[in-house]
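Chains as they are written, first to last, in the numbering used here: chain A, 1 to 561; chain B, 562 to 839. All C-beta atoms, glycine included, are put in the ideal place defined by N, C-alpha and C.
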Amino acid sequence: MAGTIDREMGLDAVDDLEQLPILGRLHEWVITVDHKRLGLMYITGGLFFFLVAGLQAATIRLQLAVPNSGIVPPQVFNRLLTMHGTAMVFLVGMPILTGLFNYLVPLMIGARDLAFPRLNAFGFWLWFFGALLLYFSYIGGDGLYGAGSAPDVGWFAYAPLTELPFSRGNSTDYWILSILLTTVGSTATAANIVSSVFCMRCEGMTLTKMPVLVWLATVVSFMILVALPPLSAAQVMLLLDRFLGAHFFDTQAGGSAVLWQHFFWIFGHPEVYILVIPAFAFASEIIPVFSRKVIFGYSVMVAASCAIGFISMSVWAHHMFSVGMTPAGNSFFAASSMLVGVPTGIKIFNWLGTMWRGKLRFKVPMLFSIAFLFQFLVAGLTGIMLAVAPFDWQLTDTYFVVAHFHYVLVGAIVFMIFAAIYYWFPKATGRMLSERLGRWHFWLFVIGFHLTFDTEHFAGMQGMPRRIYTYQPGRGLETLNFVASIGALVQGIAVLIFVINVVRSLRSGEPAGDDPWDAWTLEWSTTSPPPEYNFATLPVVRSRRPLWDLKHPDDPDWRYE
Amino acid sequence: MPVEGNPDNPIEAPAPTPWPMLMALGLTLVFAGLVTNVAVTLVGGVLFISGAVGWFGEVLPVEHREPLRVEAAPAAIVPATIGVDYLHVGELGNRAILPLEIYSYSAGIKGGIAGGIAMAGLAVLQSVVVHHSLWYTANVLAATVLANLANASTATLSSFIPEAFVVALIIHASASILVGLLYGVMLPMFPRYPAFWAAIVAPLLWTGLLWSSLSVINPVLDARIEWRWFILCQIAFGAVAGFVVNQTERVTTMQHLPFAVRTGIEAPGLGGDREGQN
Ligand code: HEM
Ligand SMILES: [Cu+2]
């Protein structure tokens, strides 16, 4: 085992394994409790499902490219849609983001590991097996004999449609069980990050000296701890309904049809912020370094993120305007949704303020971050539009909503995931990703993204319904849908270039050195990749940019803080 | 104290372990049994429990830890050779268009009062010279709000009417103070010759404005105003108010401070200490 000097026990076994190097290395990864390895495993797993769910999306867009197309039958379409949405949220967004936090937070707070390393491993494996269980549904149930029983109920699994009479077989059970498992994994990670941030910071790192990313990881972890249990509770209730004949969501027996929606969106809306706040976190580390300036308004940034965390807990029913709530309910949720715009706007201004008069370096991570800024702005604006209840009554369940949330999920979150991977890849692997391929990846992805999702806004306003497997010709939808599908193809090519870039760079990328971007946070002060123990000597910090202090002894930050 | 790792004092880390993974697999199989076969649940249960037992055995009574060999140290961090640029805020006259100094508000108010007194003096003079009455001009001014005076005869307008006097005083005083305040605020923005702008241009401008609009606003008043005296009064006001304002000391504005500082946002490097970086 690398890094081990004491092998009193199991020495022979280790030697045996080393004769089979691949198996031996695999074994090391399987039993590891190192936060960096677990982080990389989360990220790799997430990227794998990104490709799978991306293929599903491509199939969806292929089916919708022309009207009346019969590439996939309706039932298969519903399964693709469900698996795409569920996988993108739970098997791509969550693991990649928690994986990055897993990797970065201990390094950034100058610690040797997370507070509970074994719990961390347990969380990862729960997520991993839960994910496998979801996809096992394709061959489980009647799968081996029939067409597979993958869930076809949407990533929101609205009850009572998911009750036994309307959703026969086990497909819905697969959805419930696997999401239950993966959310337990996420909850474990969240608890771990909170404890580590509060208990494991290195000397001198007060709360006000933590990198913004660490702050936001803490905010997100608290949100996970608050938001995921309602989902698990609802899933257990649905399981009870389905297996034991309870009637929580069964209207005929006095249950409530709207109850599921409340439970789901009490989780579901904070969830979108759980996904997007990490994107904010990466932007807050990357933009300053590539602007050569301190983050503008550190404390405002932190305060705004906490505010977003709180307010986003009180807006869930903006997904339910068309349910027919009371006018007071509608007004409350419309107003609180718009209120979220305030701290969000503050953050956008702070990133712009950071770039203002900076010496910008347009490296690939920065390119993705700048695109993120503009796209997130648009996403926020269409979000405010949807928060106007009468507008939402018109456009809910149209492609306008699809376009809106993909602007957030892709335009903000996926873009910042790519930015983060380009930025921290050198740290994790010791090798740079190619700038040239990175630029191809970036430009194709931007173009493809806008071809797809800009047009979908207009398709929605033309009346294109959401979650529909095909549409009729002659309603002004052909061109828009065709362009959107071309865009999906372009995005696919871009992702392919990214995969090539990663594979090539892992083998023969340019060596990175410890600190390739001339950055300021602690992770760049150790080797690339960092040793198992992170820091031979635990760092001591005096300011928010410890490496700046070391590089500029004549002008350190702590004089000004 | 920083904890040092070296070959004599190896760094300890939690030992790798397969048990958490086994426990997770067990739990997953417990769940998977619901959608496949009870046997799966049973196997899962066994794995789950053995995973838990194995895991506990590793942390109780003492945690298994494993010493790690200290590998190559990271490259030392070299101090940057490039210096740090500063943008000293407000320097270089980069705010030449906005005033760096202004008069205090109180200066404007004082100027307004002084100008108002000078103007009132001239108005009384006009009243005496042209209409042989101390009160005529005051009554005409009061007629802008006292509707019953608007149609009054010249004789009435020449007599002393107490409520008209009070009204005229209020109008005149408040207008003088407000215009004085405006002077104080605007004077620093006039290019080159503030006295010329204050005493001549500004009074002519607003007299022109009144002259062109008064026939619509108040035709009766319009018929009675003597414009030459009116202009004279305005110039007197402008000159005195401008003079008084100009005499007082200026205070510096916050215009040269960065936006963030003015709005009270905290931003390292902007707090008047340093801004540019390399
Ligand atoms: C920041 C990250 C965000 C993400 C990831 C996100 C994601 C989503 C998703 C997935 C939906 C579809 C729900 C469904 O399946 O019906 C949705 C709908 C909606 N979003 Fe967002 N959103 C975000 C931000 C916002 C913001 C900032 C606002 C308002 C200020 C907003 C307002 C809405 C509204 C009102 C709907 C309901 C639309 C409808 O059901 O017709 N969202 N969003
Ligand atoms: Cu929402």
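Hey, how far is the Cα of residue i from the Cα of residue j?
i	j	result
residue 336 of chain A	residue 452 of chain A	30 Å
residue 498 of chain A	residue 51 of chain A	11 Å
residue 578 of chain B	residue 38 of chain A	13 Å
residue 548 of chain A	residue 612 of chain B	46 Å
residue 299 of chain A	residue 217 of chain A	15 Å
residue 369 of chain A	residue 416 of chain A	6 Å
residue 540 of chain A	residue 629 of chain B	22 Å
residue 418 of chain A	residue 751 of chain B	54 Å
residue 351 of chain A	residue 295 of chain A	7 Å
residue 119 of chain A	residue 233 of chain A	22 Å
residue 441 of chain A	residue 507 of chain A	19 Å
residue 448 of chain A	residue 79 of chain A	25 Å
residue 194 of chain A	residue 533 of chain A	20 Å
residue 761 of chain B	residue 670 of chain B	20 Å
residue 359 of chain A	residue 288 of chain A	10 Å
residue 458 of chain A	residue 355 of chain A	32 Å
residue 626 of chain B	residue 573 of chain B	6 Å
residue 407 of chain A	residue 773 of chain B	56 Å
residue 185 of chain A	residue 528 of chain A	28 Å
residue 188 of chain A	residue 644 of chain B	46 Å
Taking residue i as the reference, give the member of the options with the closest Cα.
i	options	result
residue 346 of chain A	A:326, A:297 and A:322	A:297
residue 515 of chain A	B:605, B:592 and B:635	B:635
residue 240 of chain A	A:209, A:184 and A:159	A:159
residue 730 of chain B	B:764, B:690 and B:705	B:705
residue 28 of chain A	A:201, A:121, A:395 and A:227	A:121
residue 381 of chain A	A:404, A:365 and A:60	A:404
residue 83 of chain A	A:227, A:135 and A:556	A:135
residue 562 of chain A	A:105, A:33, A:150 and A:111	The structure shown does not extend to residue 562 of chain A, since chain A is modelled only from 1 through 561, so no value can be given for it.
residue 748 of chain B	B:802, B:720, B:765 and B:715	B:802
residue 560 of chain A	A:544, A:551 and A:550	A:544
residue 769 of chain B	B:753, B:789 and B:785	B:789
With residue i as the anchor, note down where its alpha helix (DSSP H) starts and where it stops.
i	result
residue 533 of chain A	Where residue 533 of chain A is concerned, there is no enclosing alpha helix (DSSP H), given that its DSSP letter is neither H nor E.
residue 572 of chain B	Residue 572 of chain B -> not in any alpha helix (DSSP H); beta strand (DSSP E) instead, spanning 572-575.
residue 546 of chain A	546-551
residue 27 of chain A	21-31
residue 241 of chain A	212-244
residue 68 of chain A	No alpha helix (DSSP H) holds residue 68 of chain A; DSSP gives it neither H nor E.
residue 303 of chain A	298-311
residue 397 of chain A	Taken as a continuous stretch (DSSP letters only), residue 397 of chain A belongs to no alpha helix (DSSP H), as it is neither H nor E.
residue 794 of chain B	788-808
residue 407 of chain A	Premise fails: residue 407 of chain A is in no alpha helix (DSSP H) and is neither H nor E.
By Cβ distance, which residues of its chain are closer than 8 Å to residue i, with the 5 residues on each side in sequence left out?
i	result
residue 812 of chain B	662, 663, 664 and 665
residue 40 of chain A	99, 103 and 428
residue 605 of chain B	586, 587, 588, 589, 590, 591, 592, 593 and 594
residue 311 of chain A	336, 339, 340 and 343
residue 815 of chain B	822 and 823
residue 552 of chain A	none
Going by beta carbon distance, what residues of the same chain come within less than 7 Å of residue i, once the five residues before and after it are set aside?
i	result
residue 466 of chain A	397, 398, 399, 401 and 402
residue 90 of chain A	179 and 182
residue 190 of chain A	221, 224 and 225
residue 62 of chain A	71 and 485
residue 725 of chain B	699, 700, 703, 707 and 710
residue 850 of chain B	As displayed, chain B neither begins before 562 nor continues past 839, which places residue 850 of chain B out of reach and without an answer.
residue 565 of chain A	Chain A is shown only over 1 to 561; residue 565 of chain A falls outside these bounds and no answer can be derived.
residue 157 of chain A	172 and 175
residue 214 of chain A	105, 108, 109 and 197
residue 493 of chain A	444
Over the uninterrupted beta strand (DSSP E) stretch that includes residue i, give me the two end residues.
i	result
residue 812 of chain B	811-813
residue 361 of chain A	Careful: residue 361 of chain A lies outside any beta strand (DSSP E) and carries neither H nor E.
residue 627 of chain B	626-629
residue 663 of chain B	662-664
Can you find the residues in the same chain that come closer than 6 Å, C-beta to C-beta, to residue i, ignoring five residues on each side of it along the sequence?
i	result
residue 476 of chain A	462
residue 316 of chain A	265, 266 and 269
residue 521 of chain A	108 and 211
residue 262 of chain A	none
Beta-carbon of residue i versus every beta-carbon of chain D: anything under 8 Å?
i	result
residue 527 of chain A	The question asks about chain D, but that chain is absent: this structure's protein chains are A and B.
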